[in-house]
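Q: Numbering (this note's numbering), first residue to last: 1131 to 1333.
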Amino acid sequence: MLDNFVTFFIAGQESTANQLAFAVMELGRLPEILTKVRQEVDDVIGMKQEISFDDLGEMTYLSQVLKETLRLYPTAPGTSRFIPNDIVINGIPIHAGVSCVVSSHLKNNVEDTHSHIHEFQWKRQLQSPRPYYCFYPFALGPRSCLGQSFAQMEAKVVMAKLLQRFDFSLLPGQSFDILDTGSLRPKSGVVCNIRHRGQTPAA
């Protein structure tokens, strides 16, 4: 239980921070989406200090934005599974005793399950029905990520508070390369001009 507790919080912090960085990056590049999601935050929570569980459920547009962020930039780009028995998948034999690595990053971005795969399109997250295996940033099945619900709730709260209190715009001339160190993150960070809403910008 202690190991699970430590994993729950340590893994959840890094993955959520990276997800939020990518979300800010995409919202900064797509001001029309930023305006829409900020309006939803204003409508649901206004200037409330505390966000309730019911409030989170009402911010559906923000949820789709965060999911689309994970589709393009899953913080854990792959997962591995131990193969206990010989199996054949699509005519390819896989022998018992080996570990297979599955790339969630690649699977989330294939044309047979998504169109315009390199574009940030939040509406695709509303499409139904969709293949079960077309989106799994936290893996699937009984060994999926222990802290995924916590991580997504945390991301939603932090992003809602950010949008509630601040305006931000991307600093021009940045290169948004991606670094894979076991988790995906913006290689050089995401540099923004930030100001309290209603105040003049400050870098």
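By construction, the Cβ of each residue, glycine as well, lies at the ideal position given by its N, Cα and C atoms. Since the structure is predicted, the reported quantities are computational estimates derived from the model, not experimental observations.
Using C-beta distances below 8 angstroms, list every residue in its chain close to Ser1229, excluding the 5 sequence neighbours before and after it, in chain order.
A: Walking along the sequence shown from the start, residue 1229 turns up at place 99. Ser1210, Arg1211, Phe1212, Ile1213, listed in sequence order.
Q: Using the C-alpha atoms, what's the distance from Gly1221 back to Met1189?
A: Your numbering for residue 1189 matches position 59 in the sequence shown. Your numbering for residue 1221 matches position 91 in the sequence shown. Spanning the two alpha carbons is a distance of roughly 45 angstroms.
Q: Measure from the alpha carbon of Met1289 to the alpha carbon of each residue in Leu1150, Glu1144, Pro1204, then state which is nearest.
A: Mapped onto the sequence shown, residue 1289 falls at position 159. Nearest option by C-alpha distance: Leu1150.
Q: Does DSSP put Asp1297 in a helix, in a strand, or in coil?
A: Here residue 1297 refers to the residue found at position 167 of the sequence shown. Three-state result, Asp1297: strand.
Q: Pull up the distance between the alpha-carbon of Thr1199 and that of Ala1226, whole angstroms please.
A: In the sequence shown, counting from the first residue as 1, residue 1199 sits at position 69. In the sequence shown, counting from the first residue as 1, residue 1226 sits at position 96. Rounded to whole angstroms, Thr1199 to Ala1226 spans 35 angstroms at the Cα level.
Q: Between the Cα of Phe1322 and those of Leu1301, Leu1314, Asp1173, spot the shortest distance and give me the residue it belongs to.
A: The count along the sequence shown starts at 1 and reaches residue 1322 at position 192. Reading off the sequence shown, one finds Cys at residue 1322, where the question assumed Phe. Of the listed residues, the one whose Cα sits closest to Cys1322 is Leu1301.
Q: Give the DSSP bridge partners of Phe1212, in chain order.
A: Translated into the one-based positions of the sequence shown, residue 1212 becomes position 82. BP columns for Phe1212 point to Ser1229.
Q: Taking the beta strand (DSSP E) that Val1218 belongs to, which residues open and close that run?
A: The count along the sequence shown starts at 1 and reaches residue 1218 at position 88. It spans 1217 to 1219 - the beta strand (DSSP E) in which Val1218 sits, taken as one unbroken run.
Q: Just the C-alpha distance for Asp1185 and His1248, rounded to the nearest angstrom, thanks.
A: As a working note, residue 1185 is residue 55 in the sequence shown. As a working note, residue 1248 is residue 118 in the sequence shown. Rounded to whole angstroms, Asp1185 to His1248 spans 31 angstroms at the Cα level.
Q: Can Ile1324 and Phe1298 be called in contact, C-beta distance under 7 angstroms?
A: In the sequence shown, the residue the question calls residue 1324 occupies position 194. In the sequence shown, the residue the question calls residue 1298 occupies position 168. Yes. Within cutoff.
Q: Please go through the same chain and pick out, in chain order, the residues whose beta-carbon is closer than 8 angstroms to the beta-carbon of Ala1153, but skip the five residues on each side of it.
A: By 1-based counting over the sequence shown, the position of residue 1153 is 23. If we look at Ala1153 and ignore the five residues flanking it on each side, its Cβ neighbours are Val1195, Leu1196, Thr1199, Ala1285, Met1289.
Q: Can you check which of these residues, Ile1219, Tyr1191, Leu1157, Glu1156, is closest to Asp1334 by C-alpha distance?
A: There is no way to answer for residue 1334, as the model of the chain reaches only from 1131 to 1333.
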